[in-house]
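Data first, discussion second: the structure below is written as structure tokens.
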Amino acid sequence: MIIIGELINTSREEVEPAVKDRDKEFIQELAKKQEEAGVDYVDVNCGTLIREEPEALEWLVETVQEAVDVPLCIDSPDPKAIKQGLEAHEGKALVNSITAEDERYDEVLPLIKEYDANIVALVMNDNGMPDDATDRIEVATELVDNLLEDGIPAEDIFVDPIIQPIGTDSEMGEHILNAVEEISSKYEDIHITCGLSNISHGLPQRQLLNQAYLVLAMSRGMDSAILDPLDEKIMSLAQASDTLLGKDQYCSDYIKASKSGDLTV
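Below, the structure written as structure tokens:
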């Protein structure tokens, strides 16, 4: 399971002032905690700082990479900010995101090629947000096929089927699961990711729903998620699910995690 740590995001109440004030110690400590929890990427997002986003994102990239060895997920709606973040990044980054919208695709694709980055492919086109599994599969097919034709390796693509809150549509959970299963079976080498906590937005005891949904989604083919890695239970469930799904040869990673005390029951 590829874990993308979600905590360095200026939409979080405590993070925005830290980025505005360039509080290096706070940001680096948050990054270190996520690395210690076992993330594969640390997400950096300062999208709420619209006027200063490119400069703030560049600072975030430099600041976080001073503190951790894992690569970053450069997360922005602004291609200028993405470019500035990529210029500051060392190694192969993950960019969030490209879509099938003509303008967005044409702006982001050259950056992915220039900086040899992995890319989150968000299943949205010029018709807007998808409604159900069928829409998600159709847009994902269009987007992935275009990326492959334009020379992006399949293993560099992370399809995001756009999880929306189940509190506003009781069928949303099943729509996403059906889409994940179809997309993962159609494209063997691509990854499928998601903003996991979107499923529980607006509901009580959100962690419980997030934990349960991660297990369900992994059983249908999802192999990545943007989540809170400091939730020890969800990290343990990700490890246990990988083991039960045959992705942990001889259960060696599970046994190692158990012996080191990294698993929470």
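What the sequence shown shows, in the numbering used here, is residues 10 to 274, in sequence order. Even glycine gets a Cβ: it sits at the ideal position worked out from N, Cα and C. As the structure is a prediction and not an experimental result, all values here were calculated from the model.
Where residue i and residue j are concerned, what is the direct C-alpha to C-alpha distance, given to the nearest angstrom?
i      : j      : result
VAL153 : LEU118 : 12 angstroms
GLU241 : GLU110 : 37 angstroms
GLU67  : ILE59  : 14 angstroms
ALA226 : VAL53  : 24 angstroms
LYS89  : ASN18  : 18 angstroms
PRO139 : LEU223 : 21 angstroms
SER85  : GLY56  : 6 angstroms
ASN219 : ALA188 : 18 angstroms
ASP87  : LYS268 : 44 angstroms
ALA266 : VAL51  : 21 angstroms
ASP141 : ASN134 : 14 angstroms
Residues in its own chain within less than 6 angstroms of residue i by CB, not counting five upstream and five downstream?
i      : result
ASP115 : none
CYS260 : THR252
PHE35  : ALA27
ASN105 : CYS82, ASP84, VAL129
Do the CB positions of residue i and residue j come within less than 9 angstroms of each other?
i      : j      : result
GLN74  : PRO238 : no
PHE167 : LEU253 : no
LEU16  : VAL28  : no
LEU120 : ILE91  : yes
GLY211 : GLY176 : yes
ILE313 : ILE235 : Nothing can be reported for residue 313: it is not among the residues displayed for the chain, which extend from 10 to 274.
MET10  : ASP232 : yes
GLY230 : GLU183 : no
ALA76  : GLU22  : no
Please return the same chain residues whose Cβ sits closer than 8 angstroms to the Cβ of residue i, not counting the five positions on each side in sequence.
i      : result
GLY137 : none
GLU164 : ASP198, ILE199, HIS200
ILE107 : ARG113, TYR114, VAL117, LEU118, ILE121, ILE128, VAL129, ALA130, LEU131, LEU152, LEU156
Provide the residue span of the beta strand (DSSP E) that contains residue i, from first to last.
i      : result
ASN136 : Note, ASN136: premise wrong, no beta strand (DSSP E); not H, not E.
GLY14  : 11 to 18
LEU103 : 103 to 107
ILE275 : In the structure as shown, the chain begins at 10 and stops at 274. Residue 275 is therefore absent and cannot be evaluated.
ASP278 : The requested residue 278 does not occur in the structure, where the chain is confined to residues 10 to 274.
Alpha carbons only, please: which of the options is nearest the one belonging to residue i?
i      : options                        : result
GLU123 : GLY160, VAL129, ASP144         : GLY160
ALA249 : ILE235, LEU236, ILE264         : ILE264
ALA97  : ASN105, ASP87, GLU64, GLU180   : GLU64
ILE185 : LYS195, PRO162, THR143, GLN220 : THR143
GLU99  : ALA126, VAL274, ASP84, ALA266  : ALA126
ILE243 : GLN258, ARG229, ASP271, LYS256 : ASP271
VAL293 : GLY47, SER106, ALA46, LYS33    : This structure cannot speak to residue 293, because the chain is shown only from 10 to 274.
THR150 : GLU183, SER193, GLY182         : SER193
VAL274 : LYS256, GLY255, ALA247         : ALA247
PRO80  : ALA40, GLU191, GLU62, ALA266   : ALA40
ASP78  : GLU62, GLY47, LEU95            : GLY47
THR72  : ASP49, GLU45, ARG31            : ARG31
SER228 : SER245, GLY255, SER209, LEU217 : GLY255
Identify, in the order they occur along the chain, each residue of the same chain with its Cβ nearer than 7 angstroms to the Cβ of residue i, setting aside the five sequence neighbours on each side.
i      : result
TYR295 : No information on residue 295 is available, as it lies outside the stretch 10 to 274 that the chain covers here.
GLN173 : MET181, ASN207
Ends of the alpha helix (DSSP H) at residue i?
i      : result
ASP144 : 142 to 158
VAL73  : 62 to 76
TYR263 : 261 to 268
TYR222 : 215 to 229
Is any non-hydrogen atom of the ligand PLP found closer than 8 angstroms to the C-beta of residue i, if you look at the structure I gave you?
i      : result
PRO119 : Judged by which ligands are present, the structure shown has none, so any question about the ligand PLP falls away.
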